[in-house]
Amino acid sequence: MNVNVTSVLVFDQAQMNRFIFGSDLATQRLFHLRRLGAAFDPDPAVHAGRQVEGCEIWVIKVQGVVETSSTGSTIVLLSGFPGVGKKTVAQSLLRSFPEARLFDNHLLIDATAAVLDREDEAYQSLRQAFRSALFSTLSSYPSSIPPILLFTECQSTKSGAQVMNEYLEFASSTHSRLISIILECSMAENVKRLIAEDRMKAGNTKLTDIEVLKYMKDNYSIHRYGDRADKEWVIDTSGESVEDVVNDIRMKLISVTDTT
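Here it is in structure tokens:
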């Protein structure tokens with residue numbers, strides 16, 4: 000459908016019909032749209048900004064309205080070295096965004112480790128297969144993707160580019176926004192968190208070897224998307240409380256997702 004007129008539209012974030020708008024708007028944005036019924040013929044001068052059936056009326060010029068299967072979801076990827084606090088921050092974010100879901104990278108690591116040793120030649124292939132199954136299934140059922148889907152990762156610039164590209168492709172295939180957040184902290188703070196009592200007692204595949212951490216930080220850099228992500232933020236968490244870090248991220252996410 001192509002139109003080249005001023006259209007009066009009613010926006011409702013709860014609706015499932017999704018369209019993408021171009022024309023003279025500064026940038027393209029995804030909106031959730033419910034088109035006006037024939038029984039209602041609003042006057043922009045009277046109704047603009049008013050509420051109708053819980054929906055706000057907008058008046059915009061639209062050219063080339065294109066229907067899309069976009070989920071309108073936001074993929075948030077929290078990256079950083081072991082012990083920096085990715086899962087702690089992610090779990091706290093869930094309290095700010097109750098509609099969000101978290102898929103911690105150790106769910107994949109632990110599942111793979113239950114079958115194969117890390118040194119096994121098939122280890123990385125199995126881990127990739129688990130991740131591929133997740134992305135493939137969600138791509139096939141886009142309506143099942145939550146509004147905000149949180150992932151945690153620890154991939155380096157040298158060896159992790161392929162894995163990180165899988166997230167990029169998943170976001171692209173589902174027309175989702177990809178937000179990359181890289182958490183950093185000083186070596187001293189990282190070591191302190193790495194050997195924290197609750198982490199040591201976790202009893203899973205989490206790294207607790209200080210020397211391995213030091214080697215990783217001395218020889219690798221956490222992967223960055225740059226302008227390939229919709230947004231990418233690097234946050235130094237040294238000396239910051241979890242609450243302060245989460246609040247910083249929460250405000251950043253609200254600014255780009257219009258999530259309340």
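Counting along the sequence shown from 1, when you hit position 115 you're at 114 in numbering that gives the first Met the number 0, and nothing is skipped either side. All C-beta atoms in this analysis are idealised placements derived from N, C-alpha and C, irrespective of residue type, glycine included.
Would you identify the three-state DSSP class for residue i, choosing helix, strand or coil?
i      : result
Glu183 : strand
Phe80  : coil
Glu239 : coil
Phe129 : helix
Leu252 : helix
Val233 : strand
Arg100 : strand
Val114 : coil
Asp247 : helix
In its own chain, which residues sit with a C-beta less than 7 angstroms from the C-beta of residue i, not counting the 5 before and 5 after it?
i      : result
Val162 : Gln154
His222 : Ser78, Gln154, Ser155, Thr156, Gly159, Ala160 and Met163
Leu115 : Ala121, Tyr122 and Leu125
Arg227 : Leu167
Thr87  : Val241
Ser220 : Ser155 and Thr156
Ser95  : Val245 and Arg249
Glu165 : Arg130 and Phe134
Met215 : Phe80
Glu98  : Pro145, Pro146 and Ile147
Arg117 : none
Can you tell me which of the options puts its alpha carbon nearest to the alpha carbon of residue i?
i      : options                           : result
Pro146 : Arg176, Glu152 and Thr136         : Arg176
Ser142 : His174, Phe129 and Asp208         : His174
Arg100 : Arg130, Lys230 and Val75          : Val75
Leu148 : Ser135, Ser131 and Ala170         : Ala170
Ser179 : Ala132, Tyr214, Ala187 and Gly225 : Gly225
Ala112 : Pro97, Arg94, Phe129 and Phe102   : Phe129
Ala89  : Leu133, Phe150, Ala110 and Thr136 : Phe150
Trp232 : Ala195, Leu252 and Arg117         : Leu252
Asp229 : Asp217, Ala187, Leu137 and Ser254 : Ser254
Thr73  : Ser172, Glu210 and Lys213         : Ser172
Lys213 : Glu196, Met186 and Lys200         : Met186
Ala110 : Asn218, Gln127 and Asp217         : Gln127
Would you grab the beta carbon distance between residue i and residue j for me? Rounded to a whole angstrom, and I think it's under 8 angstroms.
i      : j      : result
Val245 : Gly84  : Not a contact, Cβ separation roughly 10 angstroms.
Pro81  : Leu167 : About 23 angstroms separates the two Cβ atoms, so there is no contact after all.
Ile108 : Leu182 : Not a contact, Cβ separation roughly 18 angstroms.
His105 : Asn203 : 6 angstroms
Within the same chain, show all residues whose beta-carbon is closer than 6 angstroms to that of residue i, passing over the 5 residues directly before and after it, in chain order.
i      : result
Glu184 : Note on identity: in this sequence residue 184 is Cys, with Glu being the wrong assignment. For Cys184, where only same-chain residues beyond five positions count, the Cβ hits under 6 angstroms are Val83, Thr236 and Ser237.
Met250 : none
Phe102 : Phe150
Gln137 : In the sequence as presented, Gln is not what sits at residue 137; that position holds Leu. Result list for Leu137: Ile144, in chain order.
Ser91  : Val241 and Val245
Asp247 : none
Cutting at 8 angstroms between CB atoms, please list the residues of its own chain near residue i, excluding the five before and the five after it.
i      : result
Arg198 : Gly82, Arg192, Lys205 and Thr207
Asp243 : none
Ile209 : Val190, Leu193 and Ile194
Inside the segment 135-212 only - alpha helix (DSSP H) runs reaching at least 4 residues: Segments of the alpha helix (DSSP H) lying fully in the segment 135-212: 160-172, 186-193 and 196-199.
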